[in-house]
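Notes for the one structure printed next.
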Amino acid sequence: MSGNRTLRLVATAAIMAVFAASLGLIPGPPGGGNVHADSPEPGVPAGVPPVGTVPFELEGRIESIQPGPTPGTGIIRVLGVSVRIVLNTVIRTPVRPIPFDELLGPPLPGRTPSGFLNGIAVIAGESTSFGCVAAVVDVQPGENVLAGRVTRNAAGIVYILGTPVVLCTDSRMPGSAAREEGFAIVFETVPVGSFAAAEGYLDEFGVFRAHSVEAPGQIAGPPNQTAINRAAWSNGELDIRGHSTTPDGEIVFFDEETGERLGRADVAPADAAALGAFRFRTTVAVYPRRVRAVNSNGSFVICDVWR
């Protein structure tokens, strides 16, 4: 499950690069509009070269969230530092991007504070003489991991090491459960005695609310499926790995945006009973943002490609 964090860091680096390039206009002090990059700092005479931007990163408890005068903007305070959220700031939970107003709102399940207050934020951005401006804000109620033996499964409440685990039902970070191979499972079928790992937060009642669970179990959905576990492009090399619910056949890959056929890969029996695995590697000069994998078993899957 650590792969999700690695991919997240790669995505953050890409967003930071775009965000830094956009700072030809550097947001000024609250209520003061924008300040051009060539504008002098407060109290500095005209003609004196301005101090450039400096990157920053924070990780800590969310102390406060204050909406700004413009919808979609505001101030988030972490580790005693007030950070401005602007319109092009990317805000993400572990599951999906969210708008600024969803940082507040109703409490998440099993919690009392509004929204993500008192949760954890990881913020990266640029700092100037006017303060800190966020490029990326990753939020969650708690950064907890629970992994070990399944000691009980009672009507969809899976106990890992004796702690009850349920899937989070909040739309801001809905929970899902899947096998190691990437296929969604019926949560009620996780077998006692198996190994399971969950990521999420422990609520105020001692229940672990998971946004992600990796465990064995009955595969949900139709019998013929395809899952991509990794799709990455670097220096012209495309590498895709995944699984099929059928142990043989072939996968044909297409650039989802251009329709170009990228190539094919055979499906071979995997270690897991009755499942197949595939790996596709090829040279692609232009970064394919999304790919479609079409399986000879009649299923297909579309996924983003990381770089």
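The numbers in numbering that gives the first Met the number 0 rise by one with no breaks, and the one at position 275 of the sequence shown is 274.
Ideal Cβ positions, reconstructed from N, Cα and C, are used throughout, including at glycine.
Inset, instruction - For Gly30, I'd like the list of residues in its chain whose CB is within less than 7 Å of its CB, leaving aside the five on either flank, ordered along the chain. - result: Counting from 1 along the sequence shown, the entry for residue 30 is found at position 31. Interpretation of Gly30 is limited by its pLDDT of 38, a score under 50 that renders its predicted location unreliable; the figure taken from the coordinates is listed afterwards. Within the same chain, Gly30 has no close Cβ partners at all.
Inset, instruction - Give the straight-line distance between the Cα atoms of Leu78 and Glu179, rounded to the nearest whole angstrom. - result: The residue labelled residue 78 in the question sits at position 79 within the sequence shown. The residue labelled residue 179 in the question sits at position 180 within the sequence shown. Those two C-alpha atoms are separated by around 36 Å.
Legend entry - Proximity of Gly235 and Gly199 at Cβ, strictly below 8 Å: In the sequence shown, counting from the first residue as 1, residue 235 sits at position 236. In the sequence shown, counting from the first residue as 1, residue 199 sits at position 200. Their beta carbons are not under 8 Å apart, which means Gly235 does not touch Gly199 by this criterion.
Inset, instruction - With Thr88 as the anchor, note down where its beta strand (DSSP E) starts and where it stops. - result: Looking up residue 88 in the sequence shown gives position 89. Run containing Thr88: Val80 to Arg91, per the beta strand (DSSP E) assignment.
Inset, instruction - Following the continuous beta strand (DSSP E) through Asp247, name the residue where it begins and the one where it ends. - result: Residue mapping note: residue 247 aligns to position 248 of the sequence shown, counting from 1. Here Asp247 belongs to no beta strand (DSSP E), and DSSP marks it neither H nor E.
Inset, instruction - Classify Phe129 as helix, strand or coil using the three-state DSSP reduction. - result: In the sequence shown, the residue the question calls residue 129 occupies position 130. The answer is coil: DSSP assigns Phe129 none of H, G, I, E or B.
Inset, instruction - Pull up the DSSP beta-bridge partners for Thr281, would you. - result: As a working mapping, residue 281 is identified with position 282 in the sequence shown. Thr281 pairs with Leu237.
Inset, instruction - Could you tell me whether the region 191 to 210 touches the region 248 to 257, where touching means 3 or more Cβ pairs closer than 8 Å? - result: no
Inset, instruction - Check each candidate in Arg91, Gly216 and Ser126 and name the one with the smallest Cα separation from Val53. - result: Numbered from its first residue, the sequence shown carries residue 53 at position 54. Comparing Cα-Cα distances from Val53 to each of Arg91, Gly216 and Ser126, the minimum goes to Ser126.
Legend entry - Reduced DSSP secondary structure (H/G/I, E/B, other) of Thr225: Position 226 of the sequence shown, counted from the first residue, corresponds to residue 225. Thr225 falls in the strand class under three-state DSSP.
Inset, instruction - Give the single residue among Arg83, Ile61 and Ala292 whose Cα lies nearest to the Cα of Gly67. - result: Against the sequence shown, residue 67 aligns to sequence position 68. The option with the nearest alpha carbon to Gly67 is Arg83.
Inset, instruction - Pull up the DSSP beta-bridge partners for Leu201, would you. - result: One-based indexing of the sequence shown puts residue 201 at position 202. Paired residue(s): Phe207.
Inset, instruction - Output the distance between the C-alpha atoms of Phe299 and Val185, rounded to the nearest integer angstrom. - result: Translated into positions along the sequence shown, residue 299 becomes position 300. Translated into positions along the sequence shown, residue 185 becomes position 186. Cα to Cα, Phe299 sits roughly 21 Å from Val185.
Inset, instruction - Decide if Pro96 is buried, meaning its Cβ has at least 16 other Cβ atoms within 10 Å, or exposed. - result: Within the sequence shown, numbered from 1, the residue matching residue 96 stands at position 97. When all chains shown are included, Pro96 counts as exposed.
Inset, instruction - Out of Arg171, Asn143, Val121 and Phe277, state which residue places its alpha-carbon closest to the alpha-carbon of Thr162. - result: To locate residue 162, count along the sequence shown from 1; it is residue 163. Of Arg171, Asn143, Val121 and Phe277, the residue nearest in Cα terms is Asn143.
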